[in-house]
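Colleague: Supplied in structure tokens, the structure appears directly below.
In our numbering, the protein residues as written are -6 to 80.
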């Protein structure tokens, strides 16, 4: 049982890192192309995808506390790094 949970949390960690990197890649592309509408599309896509992943994590049996902590950390990380890239 513990090994299954450990594997689930490792996959959740890499999934979170992956979605943040995809979002940052999209934003970086928008910065280089100087497309203000692209910022909104990339940010909305990040939020919708993160929401869907949270839904799937609830279906997998991960507690609400962990999913909300992960969501808060990933959104904060995304906003911080995207702000740094924008400067």
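Even glycine gets a Cβ: it sits at the ideal position worked out from N, Cα and C.
Below 8 Å on the Cβ atoms is my guess for residue 78 versus residue 24; work out the distance and round it to an integer in Å.
Modeller: Sure, about 6 Å apart at Cβ, within 8 Å.
Colleague: Counting only beta-carbon separations shorter than 9 Å, does residue 2 have a partner in chain D?
Modeller: The structure shown has no chain D; it contains just one protein chain.
Colleague: Suppose only complete runs of 4+ residues qualify. What are the alpha helix (DSSP H) ranges in the region 37 to 69, listed by chain order?
Modeller: As far as the region 37 to 69 is concerned, it has no whole alpha helix (DSSP H) run of at least 4 residues.
Colleague: Contact check, residue 63 vs residue 9 under 8 Å by CB: the rounded distance?
Modeller: Indeed they touch by this definition, with Cβ atoms about 6 Å apart.
Colleague: Is the beta carbon of residue 39 less than 9 Å from the beta carbon of residue 15?
Modeller: Against a cut-off of 9 Å, the Cβ pair of residue 15 and residue 39 comes out as a contact.
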